[in-house]
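Notes follow once the structure below has been shown.
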Amino acid sequence: MYETILAPTDGSSGTRKTLEHAISIAEDNDATIHGLYVLDRRMYLAADDDAQDEVMESLESDGEKALTRLRNQVEAADVPVKTDLIEGIPHRSILSHADDIGADLIVMGTHGRTGRDRLANLGSVTQRVIENADIPVLVIDIES
1 MYETILAPTD GSSGTRKTLE HAISIAEDND ATIHGLYVLD RRMYLAADDD
51 AQDEVMESLE SDGEKALTRL RNQVEAADVP VKTDLIEGIP HRSILSHADD
101 IGADLIVMGT HGRTGRDRLA NLGSVTQRVI ENADIPVLVI DIES
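Under full-length UniProt numbering, think of the first position of the sequence shown as 1, with each following residue one higher.
Okay, here's the thing in C-alpha cells:
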C-alpha cells in the first residue's frame, strides 16, 4: 500500500516518536522512509546582513544533525532510508518534496493541542501540510 514515506523532521525530540510510527508502516509495507529537513529561509532572511552567513551555517548544522539522528533510528530498524536537506518555507517545501519523490504518505508530529489552543495554532507547519496535501498525512501526537 505504501512504498515511499516522507518523514519531515525539525530536529525536535518528538521526531523519535513520529519515526517509530513511520518505521512500523515501512516494515509492514517494505517501504522506504525519506527524511527531510527544511532550512526555513525566513530565519535566514530575518537575520541582520552581517549575521546571515552565521545563521545559515547554524541552520545547516542543525539540519545535518537532525537527519543523522533520523537516519540512525531508521537504519537501526533495518528499513531503507534516504535523507534530504533543502531550503524553503517548511510546509511548501514538504509538499513539493512529497510530490518530487512520489510519496504515498507523510508522517508528521504535532503537539496534541485541542480547542482554543488548536485554533490559535492553525499556522503550524503540520496544519498547513494537512490542509494542502494530496496524499494521506499521518499526524502523531508527540506529547501523549
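Cβ coordinates follow ideal geometry from the N, Cα and C atoms, glycine included. On a predicted model such as this, the values are computed, not experimentally measured, just so you know.
Proximity of residue i and residue j at Cβ, strictly below 8 Å
| i | j | result |
| --- | --- | --- |
| Ile101 | Thr18 | no |
| His34 | Leu59 | no |
| Val139 | Thr110 | yes |
| Ile25 | Leu105 | yes |
| Ala77 | Ile135 | no |
One or two residues paired with residue i in a DSSP bridge
| i | result |
| --- | --- |
| Asp134 | Answer by DSSP bridge pairing: none, since Asp134 is not bridged. |
| Asp141 | Thr110 |
| Thr15 | Answer by DSSP bridge pairing: none, since Thr15 is not bridged. |
Residue i Cβ short of 7 Å to the ligand GTP heavy atom set
| i | result |
| --- | --- |
| Ala66 | Because no ligand of any kind appears in the structure shown, any question about the ligand GTP cannot be addressed here. |
Unbroken alpha helix (DSSP H) run spanning residue i, endpoints
| i | result |
| --- | --- |
| Glu87 | Glu87 -> not in any alpha helix (DSSP H); beta strand (DSSP E) instead, spanning Val81 to Gly88. |
| Asp62 | Gln52 to Ala76 |
Terminal residues of the beta strand (DSSP E) in which residue i lies
| i | result |
| --- | --- |
| Gly35 | Thr32 to Asp40 |
| Ala7 | Thr4 to Pro8 |
Any chain C beta carbon closer than 8 Å to residue i
| i | result |
| --- | --- |
| His21 | Of the protein chains in the structure, only one exists, and it is not chain C. |
(request) Could you tell me whether the segment 84-101 touches the segment 33-49, where touching means 3 or more Cβ pairs closer than 8 Å? (result) yes
(request) Check whether the segment 73-82 touches the segment 122-135, taking contact to mean three or more Cβ pairs, one atom from each stretch, closer than 8 Å. (result) no
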